[in-house]
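Let me begin by presenting the structure, written as structure tokens, before commenting on it.
4 protein chains.
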Amino acid sequence: MTDLLWQKSDTVTDARVMRFLAGDDVILDRELLPYDIRASRAHAAGLHRIAVITDEELAAIVRELDTLMTAISSGEFVLDQRFEDGHSAIEAWLTERLGVAGQRIHTGRSRNDQVLVATRLYLKDRLSELRQLCVSAARTALNRAIHESDVPMPGYTHLQRAVVSSTGMWWSGFAESFIDDAIVARDLLAVVDSNPLGTAAGYGVNLPLDREHTTRALDFARMQVSPVAAQLSRGKYELLVLGAMKAALADVRRFAWDLSLFTTSEFRFVEIPAMYCTGSSIMPNKRNPDVIELLRASYAVIAGASVEIESTLSLPSGYQRDLQYTKGPALRAIRHGLDTMVLVPDLMAGLVWHESTLRNAIEPAMYMTDLAIERAAEGVPFREAYRTASDVSSALKGRTPERSLAARTSPGGAADLRLDEIRARLEQA
Amino acid sequence: MTDLLWQKSDTVTDARVMRFLAGDDVILDRELLPYDIRASRAHAAGLHRIAVITDEELAAIVRELDTLMTAISSGEFVLDQRFEDGHSAIEAWLTERLGVAGQRIHTGRSRNDQVLVATRLYLKDRLSELRQLCVSAARTALNRAIHESDVPMPGYTHLQRAVVSSTGMWWSGFAESFIDDAIVARDLLAVVDSNPLGTAAGYGVNLPLDREHTTRALDFARMQVSPVAAQLSRGKYELLVLGAMKAALADVRRFAWDLSLFTTSEFRFVEIPAMYCTGSSIMPNKRNPDVIELLRASYAVIAGASVEIESTLSLPSGYQRDLQYTKGPALRAIRHGLDTMVLVPDLMAGLVWHESTLRNAIEPAMYMTDLAIERAAEGVPFREAYRTASDVSSALKGRTPERSLAARTSPGGAADLRLDEIRARLEQA
Amino acid sequence: MTDLLWQKSDTVTDARVMRFLAGDDVILDRELLPYDIRASRAHAAGLHRIAVITDEELAAIVRELDTLMTAISSGEFVLDQRFEDGHSAIEAWLTERLGVAGQRIHTGRSRNDQVLVATRLYLKDRLSELRQLCVSAARTALNRAIHESDVPMPGYTHLQRAVVSSTGMWWSGFAESFIDDAIVARDLLAVVDSNPLGTAAGYGVNLPLDREHTTRALDFARMQVSPVAAQLSRGKYELLVLGAMKAALADVRRFAWDLSLFTTSEFRFVEIPAMYCTGSSIMPNKRNPDVIELLRASYAVIAGASVEIESTLSLPSGYQRDLQYTKGPALRAIRHGLDTMVLVPDLMAGLVWHESTLRNAIEPAMYMTDLAIERAAEGVPFREAYRTASDVSSALKGRTPERSLAARTSPGGAADLRLDEIRARLEQA
Amino acid sequence: MTDLLWQKSDTVTDARVMRFLAGDDVILDRELLPYDIRASRAHAAGLHRIAVITDEELAAIVRELDTLMTAISSGEFVLDQRFEDGHSAIEAWLTERLGVAGQRIHTGRSRNDQVLVATRLYLKDRLSELRQLCVSAARTALNRAIHESDVPMPGYTHLQRAVVSSTGMWWSGFAESFIDDAIVARDLLAVVDSNPLGTAAGYGVNLPLDREHTTRALDFARMQVSPVAAQLSRGKYELLVLGAMKAALADVRRFAWDLSLFTTSEFRFVEIPAMYCTGSSIMPNKRNPDVIELLRASYAVIAGASVEIESTLSLPSGYQRDLQYTKGPALRAIRHGLDTMVLVPDLMAGLVWHESTLRNAIEPAMYMTDLAIERAAEGVPFREAYRTASDVSSALKGRTPERSLAARTSPGGAADLRLDEIRARLEQA
């Protein structure tokens with residue numbers, strides 16, 4: 004490993020301790036490294052503007068950072084155990100190539116604001132992806148609602164057949180929900196879109212750093228002004244991002260639960276493309292909807308990571324090493340969440356309903372609510388209508404799913420899905 | 004207990020089962036009941052607009068709902084074990100007084116959308132309170148930052164004395180953080196501000212309910228269109244609200260941790276008003292900062308409630324009775340969170356710094372970073388500057404906290420706190 | 004409220020602060036009060052043994068504590084907002100009746116060890132109940148396994164029909180699982196069965212308290228020796244108890260999920276007694292398995308409480324007021340968990356299988372695994388056997404569920420359930 | 004990648020889906036692979052005993068499994084992305100080398116019981132390590148208590164100086180706590196020590212598998228009889244193990260919090276060896292107790308993993324693919340927990356107290372409790388003694404820490420630490 008910048012000469016190191024300190028940092032930092040490089044460029048340019056580094060030094064630093072970025076993209080450079088973490092790798096790269104000028108990059112910044120700014124850029128990109136994936140899921144669901152608005156299916160409460168519903172209602176429900184999720188991600192993006200670079204170790208620095216410049220250069224919407232606030236946001240912003248991810252994955256989980264039921268032999272409402280299924284190692288007859296089950300289970304990853312992060316944040320203000328433990332769960336959960344979300348639109352698009360099975364699952368008793376409400380609307384008190392309805396199965400005979408759906412005229416109901424309203428909100432999400 | 008609307012005559016009930024089913028619903032519903040009454044008025048007006056109830060019936064229902072609201076306010080009516088829940092209480096009240104007309108109120112709605120709309124109105128009010136309390140905490144912190152911008156205090160990392168900081172930096176950090184929290188609450192308010200009333204049991208209803216009217220009447224920003232989406236939002240919206248609460252309480256927790264340390268005999272940086280302290284039952288010498296400790300512990304209540312809610316949401320779409328278990332933790336956590344937040348501004352305002360103790364805690368070694376950066380800015384490579392600085396304690400002698408702070412000229416640093424920028428953002432929060 | 008023992012005369016109190024400090028303590032302490040009284044008796048007897056109180060004082064204290072216990076049982080005394088908490092109530096009761104002698108009871112103890120010992124006695128009783136309820140559930144399941152060992156039912160993996168199973172296998176699976184849970188509770192009972200009384204505020208006391216006597220008098224298996232350890236166990240023991248509760252409720256949750264599926268119209272495998280069902284307020288046709296759903300949801304209560312408790316325990320050693328926040332979630336979760344468990348045995352006993360539906364759900368493809376393994380046992384490599392089996396649906400024709408089950412001769416399989424082995428372990432649980 | 008055993012020829016695969024399905028399985032399985040090989044040997048021997056494989060086949064399989072184990076130990080074989088998971092790797096290895104005989108190994112087992120048995124063996128080893136590490140921490144703490152029983156230090160409640168304590172009390176507190184943790188691990192080991200091999204996909208198998216033999220061969224204390232129970236224990240056992248880990252890490256967290264405070268400039272009670280500290284990248288003056296902070300933060304990893312696992316277990320009985328998501332958090336948390344625990348004994352051994360600082364931190368007011376109790380013991384009612392004591396600071400003058408400790412004669416107190424009792428319990432832990 005390269006020398007540790009902070010290492011005192013009189014320190015005896017212990018392999019177990021060093022391993023414990025290092026953790027998975029270099030692996031985790033692979034995702035952050037490009038952002039760290041980008042922020043390093045901005046920091047160098049900022050230092051140049053206040054004359055801490057010369058024109059030549061800036062040009063050299065920028066050139067070598069670009070080279071490093073290329074080397075990462077090509078796979079020529081891999082962040083690994085040779086380095087303590089991504090920050091050390093950048094410094095080592097520059098110092099090896101540029102000597103003194105390479106060392107200058109660290110002037111006026113601390114690893115505290117360096118990791119904050121790299122993580123912030125990362126969070127912004129991921130939130131943006133989350134928003135787009137939620138929009139994409141919502142759009143797919145909405146399109147299916149448009150094309151299958153009037154296919155009857157049973158509506159369940161308590162997993163018991165309740166009233167007639169339609170695939171249009173089912174799809175539009177998920178469309179509207181994923182729009183909410185997209186909006187949550189969009190709004191949160193505005194909150195976290197702030198530049199912590201220049202806050203140093205959490206108390207500012209005795210240099211007139213040009214933070215306005217780095218804010219613009221890194222395309223942040225605003226500066227995170229207070230260095231103390233920058234430290235307070237560590238982990239807190241990650242938790243907010245995971246909160247947005249949880250909203251989306253909560254909908255994925257219920258969607259996957261529906262599919263898990265709907266693909267049983269007992270329901271058999273829907274066919275999912277074979278690519279989402281696996282076989283069994285012992286049972287030749289099986290085709291298992293593994294992907295559906297893993298989509299369902301994905302929420303747990305985010306939930307666990309959230310608890311992991313928030314458990315570490317019971318701390319006084321200022322940087323504490325505990326905060327480094329927010330990195331692993333945040334990155335792991337965000338990656339997992341997006342890997343989950345990216346599968347959803349295609350899966351939605353690929354579902355094939357068994358329309359006759361859906362229809363056959365609609366029993367006469369499911370018209371009883373219709374009947375009770377009709378009578379209530381005619382003036383029979385609902386409670387009495389309700390009790391009467393229970394008895395008159397004869398009155399249910401002529402009814403069809405179509406008639407039931409056609410009468411569902413309340414806004415959002417099968418006869419008035421208001422898909423245009425949903426679409427209008429989607430356009431803003 | 005009053006008759007259960009849904010009870011079949013052939014059902015044998017068991018006391019343990021009934022108790023298990025009821026849970027704490029009537030207690031919890033005390034907070035929701037006023038919202039349920041308000042939504043019931045809107046629903047009645049909506050039914051009147053589509054001629055399901057007459058002018059006279061509407062007038063009578065509105066009158067009796069108003070009477071009930073008054074009786075609740077005066078303490079004359081208490082929701083208790085006589086009722087299954089708040090919904091039943093309203094229906095019983097109306098039916099007793101109005102007979103058939105009282106029963107009409109239930110036409111076209113289900114307890115599913117009834118609880119949703121009451122909870123939604125409740126969530127809106129609480130989010131609004133949260134936002135205001137965050138604004139209030141931020142404002143208090145900002146005011147203190149303005150008045151105490153240049154009192155030196157030690158800045159810590161790893162709980163070790165690191166560099167000179169100032170009370171101005173400390174206060175402005177919490178100000179900026181609570182502004183974030185206020186904005187999170189504000190944005191979320193826009194997301195949840197949607198009307199689920201009229202979605203019935205989750206599949207709409209065979210009546211042309213005037214949902215635009217109830218949306219306006221209840222002062223919702225928009226209709227939650229899809230009945231399926233309304234069900235999907237149950238618990239999910241509550242989780243989002245708890246997420247906003249957690250952001251605020253995460254800052255409270257770190258603030259309380261600071262105070263818990265700062266009030267030890269060892270630090271003795273700050274005095275908190277006696278009203279936040281208690282004595283000991285066995286140790287006459289003690290004055291304990293109990294309120295600080297409970298503020299610190301409050302995050303846990305929200306964290307636990309979040310896990311409780313999200314654990315129940317692993318379900319297919321549509322209403323399941325499990326969802327009722329989202330009510331208890333949501334109400335308990337929201338109430339607790341607000342009871343916590345409401346104490347923060349006054350506590351902030353009441354803190355008294357021991358300025359000389361703060362100053363005495365600043366050791367010469369805390370100027371070493373200043374020195375290293377000065378040298379780095381003069382052209383010594385930071386790494387070398389860093390190593391050199393470790394040795395020259397002589398160069399640290401003449402330095403003062405004031406000089407150190409005056410040089411902290413990066414935006415957000417002690418010499419350029421940018422409180423105006425922070426205030427400008429506060430105005431929008 | 005009665006005077007606060009610790010109150011300084013110069014303290015101005017604020018209603019919001021007092022309410023925040025009090026929390027729900029008096030409500031929560033209703034469950035702990037009998038244990039607090041019992042421990043107070045033991046403490047008084049201990050003080051008497053070291054001559055801190057006289058014969059007469061002891062007799063009077065014991066008499067009045069007995070009177071209080073009777074008053075609580077009869078409902079004559081109710082712990083309410085007049086008191087700060089249960090400890091204050093006991094002291095007030097004794098002091099009112101006995102004057103000076105009543106005050107003596109507090110000699111040599113702190114509220115810190117007082118709440119610890121009352122909670123410890125409570126935890127022991129609840130763990131014991133948990134163990135018994137797990138045994139009872141296991142016994143019921145085992146009895147049903149004995150009587151229905153050979154009713155065929157489909158065995159699922161991935162919710163897909165996989166191979167033939169039997170009700171005997173299903174019941175014996177839950178029996179063996181609940182035995183594990185009982186053993187976990189039993190073993191944990193031995194760990195927590197230790198007496199913290201006499202550790203005062205966490206650092207012992209300058210009296211020769213007869214802790215051996217109180218240990219025996221309160222029927223503890225051992226003394227918790229170290230006062231520091233006593234404080235470290237606060238919350239930690241509660242978490243361990245919730246861990247045992249979670250093991251049991253994890254099984255309840257999967258059991259309830261099975262029933263939730265098995266009672267759908269699509270599966271219709273089982274009938275649950277009507278007492279576990281409710282109707283719908285809007286849909287007259289519904290009979291909803293609400294109790295099943297709430298049993299399923301109960302795990303969440305324990306999970307949330309665990310996170311709530313563990314989140315508060317991020318503290319230095321010694322008592323901190325945060326620890327008081329472990330009481331609410333612990334009591335709430337334990338009560339809820341036991342209220343859940345108590346329903347399980349009767350529910351198990353009341354289930355009625357639809358045997359023909361179970362049988363009809365067994366499809367020929369479910370014999371393919373049998374066939375593949377037969378061939379593999381005859382020497383065809385399993386992989387080849389597996390591939391061949393997929394094609395020969397003709398070879399599956401003559402097979403019956405009974406033949407499939409009869410061949411399941413591995414221990415634990417349908418043909419060798421080993422219920423005696425399971426019963427033998429139950430006897431020790 | 005090798006062929007997938009379960010793959011249907013008509014399945015189109017998608018890279019994103021395959022990656023999502025694979026997850027980190029091959030990385031995770033590196034820890035499980037040696038156990039999988041060991042269990043495979045036992046399974047082969049079991050198949051041989053029922054004549055499914057011949058003497059020669061068994062010999063060949065055992066030989067090749069041994070070779071594989073050697074290749075893994077030497078680093079010659081690395082489980083990587085060429086394989087779907089560890090199970091596939093074993094089968095591929097055998098089939099390549101042994102052809103048909105290699106395929107036989109899969110007869111009568113499923114990946115469901117294969118992963119269960121490998122994980123079970125892994126859990127046993129890890130629990131055993133946990134127990135030993137708790138014993139080791141307890142022993143170190145106990146030894147220090149013996150040697151430093153009477154060094155005075157302040158005892159804190161609410162982080163406020165409360166009464167005199169001693170390093171002996173502090174160490175013995177942690178000793179007794181870690182003994183509890185060791186016992187929890189020990190008892191749990193007995194619960195999980197059961198053999199799931201032979202339960203196939205969760206419904207047994209149509210072969211007379213010699214499960215008694217595999218149980219003995221793998222050194223399990225008993226057979227997990229029911230295949231349904233085996234599936235129900237998936238994740239549940241992992242949660243129990245994490246529960247035991249949490250008990251230990253809860254103590255580590257409070258221990259680390261103490262050290263984090265005790266190493267501040269303000270307390271300066273203790274010196275930790277330099278090997279547990281790091282420097283700062285920006286502040287040359289810093290020596291930061293990073294290891295202490297990471298020890299403190301480690302609890303969060305286990306807490307997060309527990310929530311992650313339990314969130315996935317909301318499922319019907321039988322295998323579901325969701326269960327695979329229990330592997331990652333379980334392995335990650337267990338490894339992290341043990342990596343944490345392994346540092347504790349040496350850290351304990353290396354602490355150096357600043358005895359004079361400890362002593363100087365003891366203020367006269369800390370004798371007030373002693374005084375109040377003395378007076379109470381002399382007959383002054385405690386409440387009055389308490390109030391009087393507050394005033395008589397004169398009576399506190401002559402007191403010393405030694406006198407205060409010498410009077411702490413209650414068992415467990417400084418004058419009667421009962422280290423022999425604690426040691427006796429340690430011997431059984």
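Residue numbers (our numbering), protein chains in the order written: chain A, 4 to 432; chain B, 4 to 432; chain C, 4 to 432; chain D, 4 to 432. Built from N, CA and C at the ideal position, the CB exists for glycine as well.
*Which word fits A:Asp254, buried or exposed, when buried means at least 16 other C-beta atoms lie within 10 angstroms of its C-beta?*
For this step, residue 254 of chain A is matched to residue 251 along the first sequence. Residue burial annotation: A:Asp254 is buried, with at least 16 other C-beta atoms found within 10 angstroms of its C-beta.
*D:Ile53: which of C:Leu298, C:Met278, C:Thr412 sits nearest, CA to CA?*
Residue 53 of chain D sits at position 50 when you count from the first residue of the fourth sequence. Comparing Cα positions, the closest option is C:Thr412.
*Exposed or buried, A:Ser43, counting other C-beta atoms within 10 Å across all chains shown (16 or more means buried)?*
Along the first sequence, read from residue 1 onward, the residue named residue 43 of chain A stands at position 40. Buried, by the Cβ-count rule.
*Look up D:Gln135 in the DSSP assignment and say whether it is helix, strand or coil.*
Taking the first residue of the fourth sequence as position 1, residue 135 of chain D is located at position 132. DSSP, read as helix, strand or coil, puts D:Gln135 in helix.
*For D:Thr323, go through chain A and note every residue whose CB falls closer than 7 Å to its CB, in chain order.*
Sequence index remark: in the fourth sequence, residue 323 of chain D carries index 320 (1-based). Here the sequence assigns Gln to residue 323 of chain D, which means Thr is not the residue at that position. Going along chain A in sequence order, the residues near D:Gln323 (Cβ under 7 Å) are Glu296.
*Skipping 5 residues on each side, what residues in its chain have a beta carbon closer than 8 Å to that of C:Val231?*
What you label residue 231 of chain C is simply residue 228 of the third sequence in a count that begins at 1. Excluding sequence neighbours, C:Val231 sits near Gly205, Tyr206, Ser320, Gly321.
*Which residues mark the beginning and the end of the beta strand (DSSP E) in which A:Met156 is found?*
As a position in the first sequence, residue 156 of chain A is number 153, starting the count at 1. Per DSSP, A:Met156 is one residue of the beta strand (DSSP E) stretching across 155-160.
*asked:* Please report the distance separating the alpha-carbon of B:Ile56 from that of C:Val118.
replied: Residue mapping note: residue 56 of chain B aligns to position 53 of the second sequence, counting from 1. Residue mapping note: residue 118 of chain C aligns to position 115 of the third sequence, counting from 1. Answer to the nearest angstrom: the Cα atoms are 58 Å apart.
*How long is the line joining the alpha carbons of B:Gln431 and B:Ile182, rounded to whole angstroms?*
Position 428 of the second sequence holds residue 431 of chain B. Position 179 of the second sequence holds residue 182 of chain B. Cα to Cα, B:Gln431 sits roughly 9 Å from B:Ile182.
_Start-to-end residues for the alpha helix (DSSP H) that takes in D:Val29_ = Position 26 of the fourth sequence, counted from the first residue, corresponds to residue 29 of chain D. Unbroken alpha helix (DSSP H) run through D:Val29: 28-52.
*Helix, strand or coil at D:Arg421 according to DSSP, with G and I counted as helix*: Here residue 421 of chain D refers to the residue found at position 418 of the fourth sequence. DSSP, read as helix, strand or coil, puts D:Arg421 in coil.
*So, are the CB atoms of A:Leu243 and A:Tyr125 less than 8 Å apart?*
In the first sequence, counting from the first residue as 1, residue 243 of chain A sits at position 240. In the first sequence, counting from the first residue as 1, residue 125 of chain A sits at position 122. No, the pair does not count as a contact, with Cβ atoms beyond the cut-off.
*What is the DSSP secondary structure of B:Val167, counted as helix, strand or coil?*
Residue mapping note: residue 167 of chain B aligns to position 164 of the second sequence, counting from 1. It is a strand residue.
*Does DSSP put B:Arg411 in a helix, a strand or coil?*
Residue numbering aside, residue 411 of chain B sits at position 408 when the second sequence is read from its first letter. Looking at B:Arg411 - three-state DSSP - the assignment turns out to be coil, as it is neither helix nor strand.
*Thinking just about the alpha-carbon of each residue, which of B:Ser197, B:Val187, B:Ser168, B:Ser236 is nearest to the one in B:Ser407?*
For the purposes of this step, residue 407 of chain B is taken as the residue at position 404 of the second sequence. Nearest option by C-alpha distance: B:Ser168.
*asked:* Buried or exposed for C:His2, going by 16 or more other Cβ atoms inside 10 Å?
replied: Lying before the first or after the last residue shown, residue 2 of chain C is absent from chain C, which here runs from 4 to 432.
_Cutoff 7 Å; reference D:Ala238; Cβ partners in own chain excluding five residues on either side_ = Residue mapping note: residue 238 of chain D aligns to position 235 of the fourth sequence, counting from 1. A quick correction: the sequence has Gly, not Ala, at residue 238 of chain D. Hits under 7 Å: Ile312, Thr315, Leu316, Leu326, Thr329.
*Residues near A:Ala418 by beta carbon distance below 8 Å, same chain, minus five either side*: As a first step, residue 418 of chain A must be located in the first sequence, where it is residue number 415. Excluding residues up to 5 positions away in sequence, Leu408, Ala409, Ala410, Arg411, Thr412 lie with their Cβ nearer than 8 Å to the Cβ of A:Ala418 in the same chain.
*If you measure from the beta carbon of D:Ala45 to each beta carbon in chain A, is any gap under 8 Å?*
As a first step, residue 45 of chain D must be located in the fourth sequence, where it is residue number 42. Closer than 8 Å: no.
*Could one say the Cβ of A:Tyr240 lies closer than 8 Å to chain D's Cβ atoms, at least one of them?*
If you number the first sequence from 1, residue 240 of chain A lands on position 237. No, because no Cβ of chain D sits closer than 8 Å to the Cβ of A:Tyr240.
*How about B:Ile337 and B:Met248: do their beta carbons lie closer than 8 Å?*
For this step, residue 337 of chain B is matched to residue 334 along the second sequence. For this step, residue 248 of chain B is matched to residue 245 along the second sequence. Their beta carbons are under 8 Å apart, which means B:Ile337 touches B:Met248 by this criterion.
*For C:Gly416, does the count of other Cβ atoms within 10 angstroms reach 16, so buried, or fall short, so exposed?*
Numbered from 1 along the third sequence, position 413 holds the residue referred to as residue 416 of chain C. The residue is buried, with at least 16 neighbouring Cβ atoms inside 10 Å.
*DSSP three-state assignment for C:Glu269, whether helix, strand or coil*: Counting from 1 along the third sequence, the entry for residue 269 of chain C is found at position 266. Look at C:Glu269 here: in three-state DSSP terms it is coil, with no helix or strand label.
*If you check the beta carbons only, do B:Leu82 and B:Ala95 fall under 8 Å apart?*
Here residue 82 of chain B corresponds to residue number 79 of the second sequence, with the count starting at 1. Here residue 95 of chain B corresponds to residue number 92 of the second sequence, with the count starting at 1. Cβ atoms of B:Leu82 and B:Ala95: not closer than 8 Å.
*Completely contained alpha helix (DSSP H) runs for the segment 213-264 of chain B, where each covers 4 or more residues*: Look at the segment 213-264 of chain B and you find these whole runs of alpha helix (DSSP H), each 4 residues long or longer: 214-220, 230-236.
*Measure the alpha-carbon distance for A:Leu235 versus D:His161 and round it to whole angstroms.*
By one-based count along the first sequence, residue 235 of chain A stands at place 232. By one-based count along the fourth sequence, residue 161 of chain D stands at place 158. Rounded to whole angstroms, A:Leu235 to D:His161 spans 24 Å at the Cα level.
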